[in-house]
Amino acid sequence: MSKCGLEMNKRVLEFQEVTFSYKEKKQGHSVPVLDSLNIHIYDREFITIVGASGSGKSTLFRLITGLEEPAKGQIFINGQVHESRLGQTGYMPQHDLLMPWRTISENAALPLEVKGGHKEEARKKILPLLKEFGLEGMENRFPHELSGGMRQRVSFLRTVLSGSNVLLLDEPFSALDAITRLSMQEWLMTQWEKRKTTIVFITHDVNEALFLSDRIFIFSEKPVCSLQEVKVPLPRPRKLTDLNRPAILELKEDLLEKLRGKVKT
Amino acid sequence: MTSGKGILPAALLIAAFLIIWEAAARGVNMMFILPPPTGILSKLWQLKEPLFFEHLPATLSIIVIGLAISVILGVGIAVWMSISPSVEKAIYPIIISSQMIPIIALAPIFVLWFGYSIWSKVVVTVLITFFPITVNTFDGLKSGSKELKELLLTMGAGKKEIFFKLLIPSALPHFYSGLKVAVTLSVIGAAIGEWLGAQAGLGYFSRRMMTQFDGAAVFAPIVLLSAIGIVLFILVKCIENRSLKWRKIE
Chain G
1 MSKCGLEMNK
11 RVLEFQEVTF
21 SYKEKKQGHS
31 VPVLDSLNIH
41 IYDREFITIV
51 GASGSGKSTL
61 FRLITGLEEP
71 AKGQIFINGQ
81 VHESRLGQTG
91 YMPQHDLLMP
101 WRTISENAAL
111 PLEVKGGHKE
121 EARKKILPLL
131 KEFGLEGMEN
141 RFPHELSGGM
151 RQRVSFLRTV
161 LSGSNVLLLD
171 EPFSALDAIT
181 RLSMQEWLMT
191 QWEKRKTTIV
201 FITHDVNEAL
211 FLSDRIFIFS
221 EKPVCSLQEV
231 KVPLPRPRKL
241 TDLNRPAILE
251 LKEDLLEKLR
261 GKVKT
Chain X
266 MTSGKGILPA
276 ALLIAAFLII
286 WEAAARGVNM
296 MFILPPPTGI
306 LSKLWQLKEP
316 LFFEHLPATL
326 SIIVIGLAIS
336 VILGVGIAVW
346 MSISPSVEKA
356 IYPIIISSQM
366 IPIIALAPIF
376 VLWFGYSIWS
386 KVVVTVLITF
396 FPITVNTFDG
406 LKSGSKELKE
416 LLLTMGAGKK
426 EIFFKLLIPS
436 ALPHFYSGLK
446 VAVTLSVIGA
456 AIGEWLGAQA
466 GLGYFSRRMM
476 TQFDGAAVFA
486 PIVLLSAIGI
496 VLFILVKCIE
506 NRSLKWRKIE
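Sequences listed follow chains G and X, in order.
Residues in the first sequence are numbered consecutively from 1, following the numbering used here.
Residues in the second sequence are numbered consecutively from 266, following the numbering used here.
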């Protein structure tokens, strides 16, 4: 990749020869997960990562967020190697993980509070956003009073409020029913276009990956030493019906084949 | 309101029990051994001045001071153990095994140490009540979800934020469960403490009346002791409902 200096080509997330393995506590030996992996993710890209369970997708997120440290190699966020990456990215976990004792606005305010903001200021910042996220009038409700889709929107709002330009979404819609899921995908796409952030999105669902992303990374062999990468040739804005184009259907077959092939081995 | 209807079966059962007691007591007709409920009530009225103005305040202050010390001590130890694993390893087994010691049997030694002052009774109360508070609060502090902790970490939270924003809210329901148990035990602790050595108090008064074969006067302070227990329990329940509003809306 030549240095062309364009804003769009700014690397926001980069792995350089990253090696990582989990230590088995009982036996003392370690299980390699990543081996000299290189990744480049550019500003305002939407990346999805697909792969079978246990292929190390979540480990990748744990490394990016700073919950784990690589054995070798370096991780750059916005062009910098940070001493601690904790607090540098916005992470949205698989289950909404809202605190049951906090109201909706208090839950959304959590990253602002952690960063030392005033509660009242945070509240003022959040109220208009709640409206935008379709959560108007919910600010004083508790999480268990909301539907699954709404809780995921609160969880996403909380991720956005981390203030980071790199958002990591770990199978955020996997627990939702099919119809809510589709509308959440469309909703997420408009939010992403509006907020000008980079999103890395883990999923099992090939359709979801094709609909949302610019590039799809396939996590296959273990340890992962290179990623198979697929560019999605669809212009934006996209519609769900775009997935029925012949080129996309072919790509889907191809993707499924790749994933299936890996499961056997 | 469902609460009015909810207590109806219990109220009926108690009423039936009191009526049978009343009838049986009148049948036996030995006031000094089995006084009827009406006899106890009239005794309560008759003794209202010493009971309400001398013995009730004495017992209540033991309970309140004892509980206050237990809460501070119990929560303090629980927090300390949750912060430091080595403190947990050192203290937790001791706290558990301390419950194997029959504290009531130890009570006389406290009379030796602290004399007939209020402190011998407070110590008994504290020793009985700090255990449920400590253990429940500690379990509560440990119950904070690991996933939420990691989420807070990814936001850049430090130990302090995790403690105040995750561990304390997670521990609160457990703390209240412990406090409810402690409140009922505190009445027992105070009463037993008073039996062994006191110059005032409901437990002391009840025991003194026993030596005078005045059955109704033995029961009258017990009615008050039970009332203290019930009122304290309801009080804790109210505070709990108020601070755990999120739990009430099901």
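We put the beta carbon where it would ideally sit given N, CA and C, even for glycine.
The model shown is predicted, which means the values in this text are computed figures rather than measured ones.
{"Asked": "Tell me which residues share the same chain as Thr180 (chain G) and place their Cβ nearer than 7 Å to its Cβ, disregarding the 5 neighbours each side in the sequence.", "Found": "Gly148, Gly149"}
{"Asked": "Within a Cβ cutoff of 7 Å, which residues of the same chain sit near Lys269 (chain G), ignoring the five residues on either side of it in sequence?", "Found": "A query on residue 269 (chain G) cannot be resolved here, the shown segment of chain G reaching from 1 to 265 and no further."}
{"Asked": "Can you find a CB in chain G that lies within less than 7 Å of the CB of Glu314 (chain X)?", "Found": "no"}
{"Asked": "Skipping 5 residues on each side, what residues in its chain have a beta carbon closer than 6 Å to that of Ala209 (chain G)?", "Found": "Thr48, Val50, Thr203, Ile216"}
{"Asked": "Report the CB separation of Met189 (chain G) from Gln152 (chain G) in whole angstroms; it is logged as a contact under 8 Å.", "Found": "Not really, about 14 Å apart at Cβ, beyond 8 Å."}
{"Asked": "Could you please tell me which residues of the segment 123-145 of chain G, in chain order, have their CB closer than 7 Å to any CB of chain X?", "Found": "Phe142, Glu145"}
{"Asked": "Give me the Cα-Cα distance between Glu319 (chain X) and Lys313 (chain X), rounded to the nearest whole angstrom.", "Found": "10 Å"}
{"Asked": "Could you have a look at Gly357 (chain X) and say whether DSSP puts it in helix, strand or coil?", "Found": "According to the sequence shown, residue 357 (chain X) is Tyr rather than Gly. The answer is helix: DSSP assigns Tyr357 (chain X) an H, G or I state."}
{"Asked": "In chain X, which residues lie with their C-beta within 8 Å of the C-beta of Lys115 (chain G)?", "Found": "Met420, Gly421"}
{"Asked": "Which residue comes first and which comes last in the alpha helix (DSSP H) that contains His40 (chain G)?", "Found": "Note, His40 (chain G): premise wrong, no alpha helix (DSSP H); beta strand (DSSP E) at 30-42."}
{"Asked": "Looking only at its chain, what residues have a beta carbon closer than 6 Å to the beta carbon of Leu60 (chain G), apart from the 5 residues adjacent to it on each side?", "Found": "none"}
{"Asked": "In angstroms, rounded to a whole number, what distance separates the CA positions of Ile374 (chain X) and Val389 (chain X)?", "Found": "10 Å"}
{"Asked": "At 8 Å on the CB atoms, spell out the chain X contacts of Thr89 (chain G), in chain order.", "Found": "Thr419"}
{"Asked": "If you reduce the DSSP assignment to three classes, tell me which class Lys222 (chain G) lands in.", "Found": "coil"}
{"Asked": "Which residue wins for smallest C-alpha separation from His144 (chain G), given the options G:Leu167, G:Asn107, G:Leu63?", "Found": "G:Asn107"}
{"Asked": "Please report how far the alpha carbon of Met1 (chain G) lies from the alpha carbon of Pro233 (chain G), in whole angstroms.", "Found": "Because the pLDDT at Met1 (chain G) is just 40, under 50, the model does not fix this residue reliably, and the point stays unresolved."}
{"Asked": "Is it the case that the segment 35-44 of chain G contacts the segment 14-26 of chain G, given that we only count it when at least three CB pairs across the two stretches are under 8 Å?", "Found": "yes"}
{"Asked": "Find the residues of chain G that neighbour Leu413 (chain X), judging by a C-beta separation of less than 8 Å, and give them in chain order.", "Found": "Leu97, Met99"}
{"Asked": "Measuring straight from C-alpha to C-alpha, what distance separates Met138 (chain G) and Leu417 (chain X)?", "Found": "23 Å"}
{"Asked": "Give a yes or no on whether 7 Å exceeds the smallest Cβ distance from Thr197 (chain G) to chain X.", "Found": "no"}
{"Asked": "Among X:Leu306, X:Trp286, X:Ser307, which has the Cα closest to the Cα of Leu299 (chain X)?", "Found": "X:Trp286"}
{"Asked": "Can you tell me whether Ile366 (chain X) is helix, strand or coil according to DSSP?", "Found": "coil"}
{"Asked": "Let me confirm a value: Gln364 (chain X) is counted as buried when at least 16 other C-beta atoms fall within 10 Å, else exposed. Which label applies?", "Found": "exposed"}
{"Asked": "Suppose only complete runs of 3+ residues qualify. What are the beta strand (DSSP E) ranges in the segment 49-79 of chain G, listed by chain order?", "Found": "72-77"}
{"Asked": "Where His439 (chain X) and Ile359 (chain X) are concerned, what is the direct C-alpha to C-alpha distance, given to the nearest angstrom?", "Found": "21 Å"}
{"Asked": "Looking at the secondary structure, which residues open and close the alpha helix (DSSP H) in which Ile337 (chain X) lies?", "Found": "321-348"}
{"Asked": "Quick one: does Leu157 (chain G) have its CB under 7 Å from some CB of chain X?", "Found": "no"}
{"Asked": "Cα separation between Pro223 (chain G) and Asn401 (chain X)?", "Found": "44 Å"}
{"Asked": "Are the C-beta of Thr65 (chain G) and some C-beta of chain X separated by less than 7 Å?", "Found": "yes"}
{"Asked": "Please go through the segment 87-151 of chain G and give each complete beta strand (DSSP E) segment of 3 or more residues, from N-terminal end onward.", "Found": "90-92"}
{"Asked": "Applying the 10 Å Cβ sphere with the 16-neighbour rule, what's the burial state of Gly90 (chain G)?", "Found": "buried"}
{"Asked": "For Pro235 (chain G) and chain X, any beta-carbon pair shorter than 7 Å?", "Found": "no"}
{"Asked": "Nearest to Leu509 (chain X) by CA position, among X:Arg291, X:Leu371, X:Ser442, is which residue?", "Found": "X:Ser442"}
{"Asked": "Determine the chain X residues that contact Pro93 (chain G) at a beta-carbon separation under 7 Å, and present them in chain order.", "Found": "Glu412, Leu416"}
{"Asked": "Please classify Lys277 (chain X): is it buried, with 16 or more other beta-carbons within 10 angstroms of its beta-carbon, or exposed?", "Found": "According to the sequence shown, residue 277 (chain X) is Leu rather than Lys. Classification for Leu277 (chain X): exposed."}
{"Asked": "Quickly, what does DSSP pair Lys510 (chain X) with across the bridge? List them, please.", "Found": "None; Lys510 (chain X) has no bridge partner."}
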